[in-house]
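> Would you mind keeping the following structure in view while I ask a few things?
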Amino acid sequence: MAFVEKYRPAVVLLDLGLPPDPDGTTEGFAILNEILSITPDTKIIVASGHGARESAIRAISEGAYDFYQKPVDADEIGFIVDRAFRLYDLEQENKKLQQREETTRLPGLVTASEQMEQVCSVIERVSPTSVSVLLLGGSGTGKELLARALHDLSDRNNMPFVAINCGAIPENLIESELFGFEKGAFTGAMKQVKGKIELAEGGTLFLDEIGDLPLPLQVKLLRFLQERVIERIGGRKEIPVDVRVISATHQRLEDQITDGRFREDLFYRLSEIVVNIPDLKDRDGDALLLAHNFLNKFSRAYDKRAKSFDKDAARAIASYDWPGNVRELENRIKRAVIMSDSKKITLDDLEIDYSDDHIETLNLKEIREKNDKAAMLKALSLTNGNISETARLLGISRPTFYGLVKQYDLNIDK
Ligand SMILES: Nc1ncnc2c1ncn2[C@@H]1O[C@H](COP(=O)(O)OP(=O)(O)OP(=O)(O)O)[C@@H](O)[C@H]1O
Ligand SMILES: [Mg+2]
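Numbering-wise (the numbering used here), the sequence shown opens with residue 1216 and increments by one.
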């Protein structure tokens, strides 16, 4: 079994008659099942004694790949083993293909978490339609990546994807950015310029940081979304435009609406479908998966040796809060790869501010102790410090309670 765990063999030849039961099959079947529980893909070929057809058939029904009857015929067993290897290789190949498909369903998006899977399936489902999608997520959670994925998966994907960052453009320029202007519309308007909305004709318009759009512009955008026509600044013509609108923000739009900083009617126009993108720290297992992806990408791009993370670095990646989400992770890994000259990235390379309470402990004793303490303090406060009551709530006796107080060094007088 130690070998099985270490080498995860493609093919195993297994005699059912094993000590301590060499004449029976109990040990053989136990091993068969144990191997399959560790490496379910392993092809196990069972050797059965003369006239033991029944156990051979039972072995197959329990997951063995094939059997042969003793005495061994070298040609026959060679043939069976070859075939087992071939099947194993095929299955592995198939598995890889499937996994590859899973990671590229949304182009460029890496995830293995259930939380993001849900997001992905919404994106896939709405991409063929032209409904407006509002992406809500913290900074660096992948809003732009998902907006592009929506576009790439839609049948508008051979038409333009035009992004405009409403937070990065000075207020007096946003209107001309969005709607364009005619020659002579204002001083300096030397020629006609099309706006982003018009440039996205037939494709997708991505309004990033929509929460930062000034109110007067919100009115104009709303009008466009209702009428689906624009007028260039200084122009007199209404120009129909067919675009799919995706918007994104890290702000809480409900609050902005309450404060009168965002128009409710515009919100409803933009949010036919709302997608909430979870923070990286809330995606199970994704931080490490992404970290490995970025590590591979950057060590190739910068021709560096770094191939893996050492244990502390991996632990820190998995337990750090990642306030800047995927963008922060990407930047830290990039810097670490560039700065490091060794094969393993260390905690120092990552420059993560890593205090002990960031690290999730998996030590059961520590976890129990922490939970015990929390429950005891809570029970004490619920009973205003009445010890008998507290012990009763906790389901333990008074002496046990005092024993724990001493063990955990709790100050219960306070
Ligand atoms: N799930 C993911 N898999 C792979 N790369 C990702 C993923 N999510 C984000 N990224 C990468 O992280 C970076 C930040 O993503 P993106 O720009 O889409 O986020 P954002 O939410 O728009 O960020 P910001 O709030 O800073 O504008 C990009 O380089 C993007 O490619
Ligand atoms: Mg962005």
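Glycine is no exception: its CB is placed at the ideal position from the N, C-alpha and C atoms.
It should be emphasised that the depicted structure is a prediction, and the values quoted were computed from it without experimental measurement.
Which value, in whole angstroms, describes the spacing of the CA atoms of ARG1268 and LYS1311?
The straight-line gap from Cα to Cα measures roughly 36 Å.
> If I follow the unbroken alpha helix (DSSP H) through SER1270, where does it start and stop?
Its alpha helix (DSSP H) spans residues 1268-1276.
> Which residues count as close to ligand 3 when the rule is a CB under 7 Å from any of its heavy atoms, in chain order?
As far as ligands go, the structure on display features ligand 1 and ligand 2 and does not contain ligand 3.
> Please determine, among THR1240, ARG1447 and MET1216, the residue with the shortest C-alpha to C-alpha distance to GLU1249.
For GLU1249, the nearest C-alpha among the options comes from MET1216.
> Spatial neighbours of THR1326 within its chain, please: C-beta separation below 6 Å, excluding the five flanking residues on both sides.
ASP1501, listed in sequence order.
> Using alpha carbons as the reference points, say which of LEU1436, ILE1492, PRO1493 and ALA1528 lies closest to TYR1483.
Here the closest residue by C-alpha is LEU1436.
> List the whole-angstrom C-beta distance separating SER1354 from GLY1539, where the pair is believed to meet the contact cut-off of C-beta under 8 Å.
Sure, about 6 Å apart at Cβ, within 8 Å.
> My guess is that GLU1277 and PHE1244 are in contact by the Cβ rule of under 8 Å, so how many angstroms apart are they, rounded?
Correct: roughly 7 Å between the Cβ atoms.
> Below 7 Å CB to CB, which residues in the same chain sit around LEU1360 once its five sequence neighbours on both sides are set aside?
So the qualifying residues of the chain are GLY1323 and LEU1324.
> Three or more C-beta pairs closer than 8 Å, one from the region 1368-1378 and one from the region 1411-1427: is that the case here?
Judged by Cβ distances under 8 Å, the region 1368-1378 makes contact with the region 1411-1427, as three or more pairs qualify.
> Is LEU1485 buried or exposed, if buried means 16 or more other CB atoms sit within 10 Å of its CB?
Buried, by the Cβ-count rule.
> Count the C-beta pairs between the region 1360-1369 and the region 1496-1516 that are closer than 8 Å, then say yes if the count reaches three, no if not.
These segments do not touch.
> Grab me the residues of PRO1429's own chain with a C-beta within less than 8 Å of its C-beta, minus the 5 sequence neighbours each way, in chain order.
If we look at PRO1429 and ignore the five residues flanking it on each side, its Cβ neighbours are GLU1386 and ILE1389.
> Out of curiosity, what's the CA-to-CA distance linking ARG1459 and LYS1221?
Approximately 53 Å between the Cα atoms of the pair.
> Using DSSP's beta-bridge definition, name the partner residues of ALA1262.
Answer is ASP1230 and TYR1283, bridged to ALA1262.
> For the putative contact between ILE1488 and VAL1348, defined by C-beta atoms under 8 Å, what is the C-beta separation to the nearest angstrom?
Their Cβ separation, rounded to whole angstroms, is 5 Å, which keeps ILE1488 and VAL1348 in contact under 8 Å.
> Tell me, which residues are paired with LYS1559 by DSSP?
According to DSSP, LYS1559 bridges with SER1523.
> Starting from the C-beta of ARG1686, find all residues in its chain whose C-beta is less than 6 Å away, skip the five residues before and the five after it, and write them out in chain order.
The requested residue 1686 does not occur in the structure, where the chain is confined to residues 1216 to 1629.
> Quick check: the Cα distance between ALA1589 and LEU1495, rounded to an integer number of angstroms?
Each residue's Cα considered, the two are about 28 Å apart.
> Quick test of the definition: if touching needs 3 or more C-beta pairs under 8 Å, does the region 1579-1594 touch the region 1543-1551?
No contact exists between the region 1579-1594 and the region 1543-1551.
> Taking DSSP as the reference, what is the three-state secondary structure of LEU1625?
LEU1625 falls in the coil class under three-state DSSP.
> May I ask you to report which of helix, strand or coil DSSP gives SER1603?
The answer is helix: DSSP assigns SER1603 an H, G or I state.
> Taking TYR1535 as the reference, give the member of GLY1475, ARG1498 and GLU1308 with the closest Cα.
The shortest C-alpha separation from TYR1535 is found at ARG1498.
> Hey, how far is the Cα of ASP1427 from the Cα of GLY1618?
Rounded to the nearest angstrom, the two C-alpha atoms are 58 Å apart.
> Near GLY1450, what residues of its chain come up, given a Cβ to Cβ distance below 6 Å and the 5 sequence neighbours on each side ignored?
These residues qualify, in order along the chain: GLU1397.
> Does the beta-carbon of VAL1287 have 16 or more other beta-carbons within 10 angstroms, so that it is buried, or is it exposed?
That one is exposed.
> Checking the sheet assignment: what are the DSSP bridge partners for ASN1491?
Its beta-bridge partners are LEU1351.
> Note down, in chain order, each residue of its chain lying with its Cβ closer than 6 Å to the Cβ of ALA1463, except the 5 sequence neighbours on either side.
Only LEU1350, LYS1358 and ASP1423 meet the Cβ criterion.
> Specify the secondary structure class of PRO1455 as computed by DSSP and reduced to three states.
The answer is strand: DSSP assigns PRO1455 an E or B state.
> Assuming VAL1296 contacts ALA1279 (C-beta within less than 8 Å), just tell me the rounded distance between them.
So it is not a contact: roughly 14 Å between Cβ atoms.
> Using 8 Å for Cβ pairs, my map puts PHE1394 next to GLU1453. What's the rounded Cβ distance?
About 11 Å separates the two Cβ atoms, so there is no contact after all.
> Any idea if ILE1560 is buried or exposed, counting beta-carbon neighbours within 10 angstroms, 16 or more meaning buried?
Per the 10 Å Cβ criterion, buried.
> Could you give the DSSP three-state label for ALA1225: helix, strand or coil?
In the structure shown, ALA1225 sits in coil (DSSP, three-state: anything other than H, G, I, E or B).
> Given the structure, does LEU1324 come close to ligand 1, in the sense that its CB is under 6 Å from one of the ligand's heavy atoms?
It does: the Cβ of LEU1324 is within 6 Å (strictly closer) of some heavy atom of ligand 1.
> Heavy atom of ligand 1 less than 6 Å from the Cβ of SER1354, yes or no?
Within the cutoff, so yes.
> Which one of TYR1517, ASP1525 and LYS1621 has the shortest CA to CA distance from ASP1564?
The shortest C-alpha separation from ASP1564 is found at ASP1525.
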